[in-house]
Ligand SMILES: C[S@@+](CC[C@H](N)C(=O)[O-])C[C@H]1O[C@@H](n2cnc3c(N)ncnc32)[C@H](O)[C@@H]1O
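Numbering (this note's numbering), first residue to last: 12 to 296.
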């Protein structure tokens with residue numbers, strides 16, 4: 012069992028139901044289907060949908076290992092992962108370089124699935140938006156969780172403060188490969204401005220005293236694997252638990268995601284992992 016430290020979350024900070032995952036993952040707004048959804052229902056759905064995955068983002072683990080292996084990370088780093096889910100990105104990083112880390116996530120369900128007896132990682136249940144490590148990190152990760160900070164620019168600005176000069180920031184976020192029609196967006200409960208294109212996404216990282224050194228857009232295969240693993244996890248659970256009170260709302264939401272994925276999201280949405288180095292602060296900066 013992993014030891015999980017629980018930090019109290021102020022009542023005012025209990026997240027709204029739409030902010031469990033990023034917009035690339037699932038609709039956040041109040042479409043007809045998810046009007047009645049509360050934060051806990053959202054968290055239950057997310058934990059169930061991701062139950063058969065270690066990485067809870069549309070990223071291929073083998074490619075992520077290659078990506079991580081290219082970065083200028085010192086031996087035995089201290090690394091932090093905000094919105095860590097099951098801590099898999101952090102675990103892959105530490106498997107490559109050694110060291111130790113801290114994973115922060117709001118969801119007890121996600122953290123309880125972190126599994127293993129990983130003494131190199133401390134897991135903390137807390138709002139990552141207000142969390143600070145007690146020392147500067149060599150690496151800071153925020154993969155698929157940039158919505159905690161209002162998007163990529165906010166996440167970059169937050170993470171740059173958590174690493175030493177020369178440290179590495181690894182961020183993952185969705186982007187538009189092509190902007191869908193207003194009708195498509197409305198059906199999914201999303202606005203065009205919630206994502207940007209890949210060059211602006213990378214630029215928003217570069218704006219924050221960070222120098223991008225690697226960008227890895229996810230393949231269509233990684234997206235297909237991700238979406239269908241979520242759909243499969245929910246549908247198989249629903250077949251096994253037909254009388255569960257969550258079945259109707261969970262399958263409705265999942266099928267809406269399936270249909271929008273097939274009709275337009277598969278072609279329109281991308282996801283990219285970006286690594287950047289923290290530039291030293293210059294006198295002029
Ligand atoms: C799509 S998952 C990504 C998880 C992980 N980074 C990964 O890629 O495997 C988003 C995660 O953000 C977490 N989260 C959402 N809001 C949060 C907050 N304010 N503070 C910490 N974690 C949060 C969710 O519980 C969820 O585990």
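Glycine residues also receive a C-beta, built at the ideal position from the N, C-alpha and C atoms.
query	result
What residues in its chain sit with their C-beta under 6 angstroms from that of residue 261, if we drop five residues either side in the sequence?	56 and 245
Can you check DSSP and say which residues form a bridge with residue 187?	208 and 280
Residue range of the alpha helix (DSSP H) that residue 197 falls in?	193–199
Whole angstroms is fine: what's the gap from residue 43's alpha carbon to residue 85's?	Residue confidence for residue 43 is low, a pLDDT of 38 falling below 50, so the modelled location carries little weight; the figure read from the coordinates is stated next. Approximately 49 angstroms between the Cα atoms of the pair.
Could you pull out every residue in the same chain whose Cβ sits closer than 8 angstroms to the Cβ of residue 189, ignoring the five residues on either side in sequence?	278 and 279
Would you say the beta carbon of residue 286 comes nearer than 7 angstroms to a heavy atom of ligand 1?	no
From residue 141 to residue 167, what does the alpha carbon distance come to, in whole angstroms?	15 angstroms
Give the C-beta separation of residue 89 and residue 110 to the nearest angstrom, bearing in mind that I take them to be a contact with Cβ-Cβ under 8 angstroms.	6 angstroms
Just the C-alpha distance for residue 41 and residue 155, rounded to the nearest angstrom, thanks.	Here residue 41 scores only 40 on pLDDT, less than 50, and its place in the model should not be relied on; the value that follows carries that caveat. The alpha-carbon atoms of residue 41 and residue 155 are separated by roughly 21 angstroms.
Counting C-beta neighbours from all protein chains within 10 Å, is the total for residue 231 16 or more, i.e. buried, or is it exposed?	exposed
Consider the C-beta atom of residue 238 and the heavy atoms of ligand 1; say whether any pair is separated by less than 7 angstroms.	no
With hydrogens ignored, establish whether the beta-carbon of residue 91 is closer than 7 angstroms to any heavy atom of ligand 1.	no
Rounded to the nearest angstrom, what separates residue 62 and residue 176 at their Cα positions?	37 angstroms
Can you list, in chain order, the residues of its chain whose CB lies under 6 angstroms from that of residue 178, leaving out five sequence neighbours each side?	149 and 289
For the alpha helix (DSSP H) containing residue 113, name the first residue and the last one.	Taken as a continuous stretch (DSSP letters only), residue 113 belongs to no alpha helix (DSSP H), being part of the beta strand (DSSP E) at 111–116.
Taking 6 angstroms as the limit between beta carbons, can you name the residues of its chain near residue 87, skipping five residues before and five after?	109 and 110
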